[in-house]
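Read the structure below first, then the notes.
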Amino acid sequence: EEEMLANFIRSDDIESFKNYISRTNLPLDSKVFKSNQYNFIENSLISYSASFGSVNIFKYLYNHLDTFPTNILSAAVIGGNYEIIHLIESKNIKPNDSVLSFTISRYKNDLFDYFTSNYPIKLGFSAVESSIISQNYYVLHQIFEKNQEFLTNINYINRMFSIACSNDIRTLFNILYLIPDLDVNISLEISKSFF
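Residue numbering for the sequence shown follows this note's numbering, starting at 6 and increasing by one per position.
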């Protein structure tokens with residue numbers, strides 16, 4: 006049953022979906038999917054439809070639900086469907102640091118640009134950390150262009166070095182290691198604060 010429902014959503018087969026809902030009397034706010042590779046995204050019908058960009062089923066659920074899962078925008082990031090994202094935004098749900106980090110880690114650089122251009126998002130060190138860990142150098146470059154302090158403040162450089170060491174990112178390690186004031190012993194101190 007779960008697989009049949011999942012197939013309807015993945016293929017955005019709205020008629021089969023509505024027939025299934027009518028036949029089974031399944032509540033539209035149900036959390037029915039047991040397997041989900043994104044553990045923090047709720048396994049609801051609307052999240053699942055957002056994560057597959059199934060706009061017809063999403064709109065149907067959107068029009069029939071009063072509340073949305075807390076991480077609905079992250080689910081929409083996976084699907085990458087701007088129409089779904091705009092519908093979510095119309096409910097006054099805006100990207101936060103968690104959504105931005107998820108966007109970075111999923112290499113959704115067009116959405117990163119969209120969110121940072123349309124919302125007053127401060128690109129703090131958590132965005133740098135997400136960019137380094139996921140090796141999303143497009144975003145890292147964008148962050149460095151907007152905030153030169155990350156490249157000039159030795160404390161930030163030390164933290165980036167620690168992240169590069171902790172995550173075995175050798176290219177960045179080799180670049181940062183050449184900086185004269187780098188504190189190579191900082192890694193243990195900083196690594197503990199990230200876990």
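Ideal placement from N, C-alpha and C gives every residue a C-beta, glycine not left out.
Asked: Bridge partner(s) assigned by DSSP for S49; Found: K36
Asked: Cβ shell of D18 (< 6 angstroms), same chain only, five flanking positions each side left out; Found: none
Asked: Distance, H146 Cα to E194 Cα; Found: Residue placement at E194 cannot be trusted, given a pLDDT of 42 that sits under 50; what the coordinates show is reported in the next sentence. If I take the Cα positions, the gap works out to 26 angstroms.
Asked: Inter-residue CB distance, I126 and P100 (contact presumed, cutoff 8 angstroms); Found: 7 angstroms
Asked: Proximity test, I109 beta-carbon vs the ligand ADP heavy atom, cut-off 6 angstroms; Found: No copy of the ligand ADP appears in this structure; indeed no ligand is present at all.
Asked: Bounding residues of the alpha helix (DSSP H) (the contiguous stretch that carries I168); Found: I159 to S171
Asked: Check whether S54 and F63 have beta carbons under 7 angstroms apart; Found: yes
Asked: When E94, I109 and D186 are compared against I162, the one with the closest alpha-carbon; Found: D186
Asked: Beta-carbon proximity of P74 to S49, cut-off 7 angstroms; Found: yes
Asked: Cα-Cα separation, A81 to Y67; Found: 13 angstroms
Asked: From N86, L128, T29 and I159, residue whose alpha carbon lies closest to that of S103; Found: L128
Asked: Buried versus exposed call for N141 [16 or more other C-beta atoms within 10 Å across all chains shown]; Found: buried
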